[in-house]
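Protein chains in written order, with our numbering: chain V, 1 to 387; chain U, 1 to 333. Report on the following structure.
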């Protein structure tokens, strides 16, 4: 069967390699990993069937899950569970609650740029349309697979890094830095990957129109006091910093300053709460293994203070306490300093399961079951739209 | 930085030059010799002078053969054309002394560094030219045998991949390496160190030299020296040699860009990268000021199927292939 490599499947290999400073050791590691091929999955070409083994594995997973759910006392009403849990959960610090967004207004607009009252200048040269933002479902924090509300306007911001090729940030590299930045934005434009890109000189480019969805968040989850958002391309704006995790100068001071004024403008325009300004690593999930951190850009060191936000790594990770996702040691290493939000999410799950009289493992299975129901409903809906 | 097999050697066997790379503390050390020789009439006096001056040479069939870097000087003095053991990136089948001369040059270069038992040598081989099989098997097998005879443990590496190993560590050895040498331009696209596409085109430095020589009536060797000494792009040239060089350089770059586009477009299993990838130009033919800019301009005019983040010149274009071969040898150890 003809197969082509799924290159983004080797994220783990890339990440590990990036931690090896010595070029020879790094090459040795990569050659060994790539030769073994254990990390590089392949997918069948379009039109071919999935491998039977994979289907069997999927089936056994479903059977296992059903069996697990069947033998534990499933809460009759998750609302009741959450009502109990409300008394037990760790309260979110007041500083993280929705606060008043700064007031920023458009001062001047030409065909090529926009100027805002806080000094933000947005370059529109590369702006492109994508599919218009759909109404996105909002699910209850209290359970259920049916949405309880719909949203139309962006409710948050997901921060990314472009994870692209970088030149040293030095004066003599000016031409190269500009060239790399320009090529990067062209590429982002082709993929409709983010709404905004901030290059290394701090220039802000609008790539995808704010009225449209950008392909930035993939399989992702976040929650606020209003409810739970699943797959954030429609509900959150994507802002990406030209940079690479682990690079010496991950982002420049100019980028941080630009990130601050851009965040202010977007928060002002859409009334976005600070708690919904989060990093890709905080929202990204992998439904295959039910772990968080499928993508780990900004898994650590995001300059929350620099962009005028509280330390949002302290917010409990929604995918963990709402849908029972877990994490592994690789993800923990990527975070550098363990987030307080991981501990708080774990504490929530532990207390919720205690309130239900379930083992944590059993309670997680219930939450995961809910996620799978929602994910499959969303998939069906999306396929209907495609038809 | 310490590695098993610290004594490994990277060997770039190019049409124009042979370069050896070795590890020296935390750095790399290079030695290079012209992959060329010149035959001069035998006389005892000449032989004595060469011995006294420690100029590498051999005596055979009533001739003194000076090889390596000194051959250029003698060719200039005697107004003779240098002979080359290789052409078009591989051993020249029409040159009867090709293998013997390469052996002599290598022996000179290895002298003083006696091979330890099973000392690893990673040597470069070109990729197959687009649309042709060529004599690569013979070339590679012969070099392998030669190195084995010299008591080394040889492994081969594609020339374009060596550029990737030398220059693209920062992108985890993902990107496009291009070596513009004397006989061939070698191209390799690698993903996380794995070569995905590699090919060569037979237009490179020699093509420019011989084409310009045929138009101007100059010797190809003299054209090469002019090219290496004073040619640059985007300039106005009053003399014919520079103007002709500009024409053929442009032709070579266009051919390379077209081949890149064709090869990448034709490849059915071209992977989709999750970010733009870098491209590095290397080799002596890429040295003239303005080469990179000209290449980039022509590439951007094409609808190239892979998004490129950056096109840059290698840090040390004359040595990067050998360095990549050494990095490969060290990582094998």
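Even for Gly, the Cβ is constructed at its ideal location relative to N, Cα and C.
query: In chain U, which residues lie with their C-beta within 8 angstroms of the C-beta of residue 162 of chain V?; result: 275
query: Counting only beta-carbon atoms, is residue 368 of chain V nearer than 9 angstroms to chain U?; result: no
query: Buried or exposed: where does residue 27 of chain U fall if 16 or more other Cβ atoms within 10 Å of its Cβ makes it buried?; result: exposed
query: At least one CB of chain V closer than 9 angstroms to the CB of residue 172 of chain U: is that the case?; result: yes
query: Give the interface partners of residue 312 of chain U over in chain V, defined as CB-CB distance under 7 angstroms, in chain order.; result: 176
query: Looking at the strands, I want to know which residues DSSP matches up with residue 160 of chain V.; result: V:240
query: Residue 382 of chain V to residue 175 of chain V, Cα distance in whole Å?; result: 44 angstroms
query: Return the Cβ separation of residue 178 of chain U and residue 32 of chain U in integer angstroms, given the expectation that the two are a contact with Cβ distance under 8 angstroms.; result: That belief does not hold up - the Cβ atoms of residue 178 of chain U and residue 32 of chain U are roughly 20 angstroms apart, past 8 angstroms.
query: Which of the three DSSP states is assigned to residue 139 of chain V in this structure?; result: strand
query: Have a look at V:137, V:235, V:129 and V:255 and flag the residue whose alpha-carbon is nearest the alpha-carbon of residue 198 of chain V.; result: V:255
query: Return no unless some Cβ of chain U is closer than 9 angstroms to the Cβ of residue 187 of chain V.; result: yes
query: For residue 86 of chain U and residue 262 of chain U, what's the separation of their Cα atoms in angstroms?; result: 27 angstroms
query: Is it the case that the region 96-105 of chain U contacts the region 360-379 of chain V, given that we only count it when at least three CB pairs across the two stretches are under 8 angstroms?; result: no
query: Any beta carbon of chain V sitting closer than 9 angstroms to that of residue 328 of chain U?; result: yes
query: Taking 6 angstroms as the limit between beta carbons, can you name the residues of its chain near residue 319 of chain V, skipping five residues before and five after?; result: 221, 285, 292 and 325
query: Residue 169 of chain U versus chain V: which residues are under 8 angstroms apart at the beta carbon?; result: 23, 26 and 27
query: Name, in chain order, the residues that DSSP records as bridge partners for residue 120 of chain U.; result: U:153
query: Jot down the residue ranges of each uninterrupted alpha helix (DSSP H) in the region 162-192 of chain V, minimum 4 residues, whole runs only, in chain order.; result: 174-191
query: Which of helix, strand or coil does DSSP assign to residue 277 of chain V?; result: strand
query: Which residues share a DSSP beta bridge with residue 82 of chain U?; result: Residue 82 of chain U pairs with nothing; no bridge assigned.
query: Going by DSSP, what residue range makes up the beta strand (DSSP E) through residue 209 of chain U?; result: That residue, residue 209 of chain U, is in no beta strand (DSSP E); its alpha helix (DSSP H) goes 205-216.
query: Report yes or no: is there a C-beta of chain V within less than 9 angstroms of the C-beta of residue 129 of chain U?; result: no
query: What would DSSP say about residue 327 of chain U, mapped onto helix, strand or coil?; result: helix
query: Could you check where the beta strand (DSSP E) with residue 227 of chain U kicks off and where it finishes?; result: No beta strand (DSSP E) holds residue 227 of chain U; the alpha helix (DSSP H) holding it covers 220-230.
query: Please confirm whether residue 288 of chain V has its beta-carbon closer than 9 angstroms to some beta-carbon of chain U.; result: no
query: Where residue 94 of chain U and residue 216 of chain U are concerned, what is the direct C-alpha to C-alpha distance, given to the nearest angstrom?; result: 26 angstroms
query: List, in chain order, every chain U residue whose beta-carbon is nearer than 7 angstroms to that of residue 13 of chain V.; result: 192
query: What residues of chain U sit near residue 315 of chain V, judged by a beta carbon separation below 7 angstroms?; result: None at all; the shortest Cβ gap to chain U is about 28 angstroms.
query: Using CA atoms only, rank isn't needed, just tell me which of V:306, V:193 and V:219 is closest to residue 288 of chain V.; result: V:219
query: What is the rounded straight-line gap between the Cα of residue 394 of chain V and the Cα of residue 164 of chain V?; result: This structure leaves residue 394 of chain V out entirely; chain V is present only between 1 and 387.
query: Return helix, strand or coil for residue 251 of chain U, following the three-state DSSP convention.; result: helix
query: Give the DSSP-derived three-state secondary structure of residue 297 of chain V in the structure shown.; result: coil
query: Residues of the region 197-219 of chain V in Cβ contact with chain U at a cutoff of 9 angstroms, in chain order, please.; result: none
query: Let me know the secondary structure DSSP gives residue 158 of chain U once reduced to three states.; result: strand
query: Can you tell me whether residue 271 of chain V is buried or exposed? The criterion is at least 16 other CB atoms within 10 Å of its CB, across all chains shown.; result: exposed
query: Quick one: does the C-beta of residue 15 of chain V sit closer than 8 angstroms to a heavy atom of the ligand ZN?; result: By its list of ligands, the structure shown contains no ligand whatsoever, and the ligand ZN lies outside what it can speak to.
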